[in-house]
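So the protein lines, in turn, are chains E, C and U.
Going by numbering that gives the first Met the number 0, the first residue of the first sequence is number 0, and it counts up by one from there.
Going by numbering that gives the first Met the number 0, the first residue of the second sequence is number 0, and it counts up by one from there.
Going by numbering that gives the first Met the number 0, the first residue of the third sequence is number 0, and it counts up by one from there.
Beneath this line is the structure, given in structure tokens, with notes to follow.
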Amino acid sequence: MEESDKKKINAQKKQERHFLSINNISKILFNEILERAESFQVQGTREIKKLPLLRGKTVANLFFEPSTRTRTTFELAAKKLSADVINIDIQTSATRKGESLKDTLRTLESMQTDIFIVRHPESGAAKFIAELVGDHVSVINAGDGRHEHPTQAMVDMFTIRKNKRNFSDLIVSIVGDVNHSRVARSEIHALKLVGTKEIRVVGPKTLIPDQIEKLGVRAFFSLDEGLKDADVIIALRLQRERMQSALLPSEKEYYRCFGLTQERLKLAKKDAIVMHPGPINRGIEIESSVADGAQSVILEQVSNGITVRMAVMAILSALKYQK
Amino acid sequence: MEESDKKKINAQKKQERHFLSINNISKILFNEILERAESFQVQGTREIKKLPLLRGKTVANLFFEPSTRTRTTFELAAKKLSADVINIDIQTSATRKGESLKDTLRTLESMQTDIFIVRHPESGAAKFIAELVGDHVSVINAGDGRHEHPTQAMVDMFTIRKNKRNFSDLIVSIVGDVNHSRVARSEIHALKLVGTKEIRVVGPKTLIPDQIEKLGVRAFFSLDEGLKDADVIIALRLQRERMQSALLPSEKEYYRCFGLTQERLKLAKKDAIVMHPGPINRGIEIESSVADGAQSVILEQVSNGITVRMAVMAILSALKYQK
Amino acid sequence: MEESDKKKINAQKKQERHFLSINNISKILFNEILERAESFQVQGTREIKKLPLLRGKTVANLFFEPSTRTRTTFELAAKKLSADVINIDIQTSATRKGESLKDTLRTLESMQTDIFIVRHPESGAAKFIAELVGDHVSVINAGDGRHEHPTQAMVDMFTIRKNKRNFSDLIVSIVGDVNHSRVARSEIHALKLVGTKEIRVVGPKTLIPDQIEKLGVRAFFSLDEGLKDADVIIALRLQRERMQSALLPSEKEYYRCFGLTQERLKLAKKDAIVMHPGPINRGIEIESSVADGAQSVILEQVSNGITVRMAVMAILSALKYQK
């Protein structure tokens, strides 16, 4: 690489101390995360190396919304990098004594925390927090409202790349409640960035946003049509609350129309892979035999969840100390 | 040791990736655990070495039943071996989002967890889980219903061996609610394996299983008789729920008949040791002055709880990577 | 240093295996803590070194009263020293199974715990626990009732020393609910030990202890008078419960009389620093613009909270192994 290119890369990177969304991420950082994640796996095995890259650094999990799965993945990823991890149950602690969010953040920051992992029920919360914190803190968005869940999208791009060749040859179908899904939003940005041949969203009209085609995707209101010739199928988790909110008739009815069954899977390419961000609702979004079948890479996504999050943390941490 | 013996040992060991019960454990593994535990103590002190044996490995505590004591012991043991530890409160997390146990396990497994420590209110749960998990995961039973609590039995065998000479000379009396005790069940298997001279169970008829003598133990319904000439007395914890269930008249009445008092202790051998898996109910199973007295090794059991559990984890981990 | 001095220091230090109060602490230990804390900061930066001083040691947080902030600070400090940390929520665990406090402590102690960090709602609880534990355990008081919060006082002395020259030239005003404040009590002892020129307590008569002047401080019932020419102002947290207990009229009224506003701050020395142990109640004890202003060192106190607690743990640990 030329010296001038390196400089350009560094300049770009410096803008990106936080990891808040896939929208507007630089392609350089995007690729660097995928390469780095690859390097964390022990050649030819499922094992992940323990590395000293974040030794002496502190990672704080700030979860304003409960999530054992995502929290545990970040916790393990940080520990694999030798960081010290603290879990703050922000609902019970900070507000309890009447302290403002800003004061809680400033306090944690003053405790020499280096990375905040933030999950919050409101869209934009991670960005809001990123604007409040000091220069030495990086914020990683672990899901904010309906907005984005950027590390999950990175995990999924990594998983697709491990299983398929070029994104420019792929048809990817995202199936389910696209409207309420931060995962779907991040996936769409990511799939566009890598030049995916065709991005589809598939679901009932009530759960597909109006004018979604402006994002450069094709909308399908029939699962059969949406799956046709697909290379990658990403089933979204159905929030059961939607049932009660009259947006959906019933779980049974949803499964009948949009459940990913073995029968329907045959409409996709023969070697299509099936993905799901988890936790799965068997018999609602997906038939059990599909979730556990040969085409499913759902558990591979979970494994990749550790290495990709390690990569994000390692890169953000290195960027800060380059400055 | 001959090469052929080594091979035999290895073959046997390979069957034992999990640690689920004392029943049917090989004598070789049994002894190896005790030897290994011994090696973890700093010569001549109570201190335990910090070792890198599980560095880079992840241990997950899956407790379906609350237990600060056992969980903490496993957590400390794993940390002393340099493992990363995650505590999953399985009651609040997995079921909450409607995920099945199987999916929760597969997810944790995909997060590169190496050892699951499982406590569950139902007998057989640890075995059930061991059958679900993949090849790279070891399951350790930390107590399943009334079935077994095998690491506690190992801790107690280790403690007896440190205080007494040969099991073939010893009379061991297990006193209390044998019927509901997973500890008692594991102890009996262990004491038989090591060729204990005489194993006694002592308690009210309602709390001693029918036909227990088929296990090769002698049953006593009088404490005085059961203690006579005993070398080791293991008092069991009385679950207070039993009182309400009409199996027992009252705590006072229980103490009067089966409480281990200083007076009664005199019936045992002069150098008899007193054990209890904890937490103790003072004035119910045991008189305070006995629990704190010179013959008590109750706190030694707690200390040994760390080293013996380190040994189990270190050996299981080594076995896997030998394959 | 002469050999005889060293011996004297060691003799003194050996009395101090625990860290329970500032009252009666030796000046040698006091200064050693401040020096040591200084050494833990990376020269010229806010970064704190990760050190192996407590490697292989176990620190247990025993919190009988909730406190995310103090618990997290101790947890991070211990981890920076490479200790293994366990958090015991003593309310839900020990008492639940009917175990006595003494048995819980003895059990934790037998698990090879080296340092207990104790917070308890009752005055004297830390001392009580220190008397129960064995020789190899150190107890650190993290706040006991209205009695003392000695590590907070050390943090504050460290912070004052970093910002000012000689205590013998300083006027320090402690403002607020002195009567219920363990922080205030520890601060007064500390400020006296270092020979502070003038120590003031400032607040409404209902919240200043009778005869407090016997402690060698001056009492002021007017904020304006109490702030005059002060070099250091320590605002105390107002427990909102006091409002309901008729000791105080209302938050608004309190703020009007004793709230630290920008206007009032002008009465103090021009270069006075403003401190608060946190969490702050903006608009009650302190005006937001003062808390965030140029004279505030409140967040510096939080940072110093890590290094000073590291120093206390490192020194106690070294003392034990000298014996």
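Note that beta-carbon positions come from the ideal geometry of N, C-alpha and C, so glycine has one too.
The structure displayed is predicted, hence computed values, not measured ones.
DSSP state of residue 314 of chain C, grouped into three classes? helix
Nearest-angstrom Cα separation, counted from residue 63 of chain U out to residue 48 of chain U: Approximately 30 Å between the Cα atoms of the pair.
Sequence-distant residues of the same chain with beta carbon closer than 7 Å to residue 76 of chain U, five excluded per side: In the same chain as residue 76 of chain U, and ignoring 5 residues on each side of it, the C-beta atoms closer than 7 Å to its own belong to 305, 308, 309, 312, in chain order.
Confirm the yes/no value for this check: CB of residue 203 of chain C, any heavy atom of the ligand PLP, distance under 7 Å. The ligand PLP is not among the ligands present in this structure, which contains no ligands whatsoever.
Using 10 angstroms around the beta-carbon of residue 82 of chain E, count the other beta-carbons present and answer buried if the total reaches 16, otherwise exposed. buried
Using the three-state DSSP reduction, which class does residue 30 of chain E fall into: helix, strand or coil? helix
Helix, strand or coil for residue 229 of chain C? Go by DSSP, reduced to three states. Here DSSP, grouped into helix, strand and coil, assigns residue 229 of chain C to coil.
Spatial distance of residue 16 of chain U from residue 115 of chain U (CA atoms): Spanning the two alpha carbons is a distance of roughly 12 Å.
Let me see if you follow: with CB-CB separation under 8 Å, is residue 74 of chain C close to chain U or not? yes
Does residue 92 of chain C have its Cβ less than 8 Å from a Cβ in chain E? At residue 92 of chain C the pLDDT is 48, less than 50, meaning the model places this residue with poor confidence; the figure from the coordinates comes in the next sentence. Judged by the 8 Å Cβ criterion, residue 92 of chain C is in contact with chain E.
Segments of 4+ residues assigned as alpha helix (DSSP H) that fall wholly inside the segment 88 to 150 of chain C: 89 to 92, 100 to 109, 124 to 131
DSSP on residue 172 of chain C, reduced to helix/strand/coil? Looking at residue 172 of chain C - three-state DSSP - the assignment turns out to be strand.
Counting only runs that start and end within the segment 265 to 297 of chain E, where is the alpha helix (DSSP H) found for 4 or more residues in a row? Counting only runs of 4 or more, we get 287 to 290.
Note down, in chain order, each residue of its chain lying with its Cβ closer than 6 Å to the Cβ of residue 152 of chain E, except the 5 sequence neighbours on either side. 21, 185, 186, 189
Use the C-beta contact count for residue 79 of chain C: other C-beta atoms within 10 angstroms, 16 or more gives buried, fewer gives exposed. The residue is buried, with at least 16 neighbouring Cβ atoms inside 10 Å.
Let me know if residue 56 of chain C comes out buried or exposed under the rule of 16 or more other beta-carbons within 10 Å of its beta-carbon. Classification for residue 56 of chain C: buried.
Per DSSP, residue 398 of chain E is paired with what? Residue 398 of chain E falls outside the range modelled here, since chain E spans only 0 to 322, and no answer is possible.
Burial state of residue 41 of chain E (16 or more Cβ within 10 Å): exposed
Quick test of the definition: if touching needs 3 or more C-beta pairs under 8 Å, does the segment 193 to 208 of chain U touch the segment 123 to 141 of chain U? no
Could you compute how far the alpha carbon of residue 165 of chain C sits from the alpha carbon of residue 69 of chain U? 51 Å
Can you tell which of E/231, E/211, E/157, E/177 has its C-alpha closest to the C-alpha of residue 302 of chain E? E/157
Boundaries of the alpha helix (DSSP H) in which residue 73 of chain E is found, first to last residue: 67 to 79
Can you list, in chain order, the residues of its chain whose CB lies under 7 Å from that of residue 226 of chain U, leaving out five sequence neighbours each side? For residue 226 of chain U, where only same-chain residues beyond five positions count, the Cβ hits under 7 Å are 172, 232, 263, 266, 267.
Alpha carbon to alpha carbon, what distance is there between residue 119 of chain C and residue 274 of chain E? 31 Å
Candidates E/111, E/149, E/108, E/84: closest to residue 23 of chain E by CA position: Measuring from the Cα of residue 23 of chain E, the nearest candidate turns out to be E/149.
Figure out for me which residue from C/100, C/248, C/27, C/295 has the closest Cα to the Cα of residue 125 of chain C. C/100
Under 8 Å, do residue 138 of chain C and residue 154 of chain C count as touching if we go by C-beta distance? no
Residue 121 of chain C and residue 102 of chain C look like a contact to me (Cβ under 8 Å); what is the Cβ gap, rounded to whole Å? The C-beta separation of residue 121 of chain C from residue 102 of chain C comes to about 19 Å, leaving the pair out of contact by the 8 Å criterion.
Chain-ordered chain C contacts of residue 385 of chain U [CB-CB under 8 Å]: Shown here, chain U extends from 0 to 322; a query on residue 385 of chain U therefore has no answer.
In the DSSP output, what is residue 198 of chain C paired with across the bridge? C/171
Can you tell me whether residue 210 of chain U is buried or exposed? The criterion is at least 16 other CB atoms within 10 Å of its CB, across all chains shown. exposed
Between which two residues does the beta strand (DSSP E) containing residue 332 of chain U stretch? As displayed, chain U neither begins before 0 nor continues past 322, which places residue 332 of chain U out of reach and without an answer.
Along the chain, where does the alpha helix (DSSP H) containing residue 181 of chain E start, and where does it finish? 181 to 192
Limits of the unbroken beta strand (DSSP E) element including residue 219 of chain C: It spans 217 to 219 - the beta strand (DSSP E) in which residue 219 of chain C sits, taken as one unbroken run.
Could you compute how far the alpha carbon of residue 314 of chain C sits from the alpha carbon of residue 217 of chain E? 55 Å
C-alpha distance - residue 324 of chain U paired with residue 221 of chain E, whole-angstrom precision: Past the edges of chain U, shown from 0 to 322, lies residue 324 of chain U, and the structure says nothing about it.
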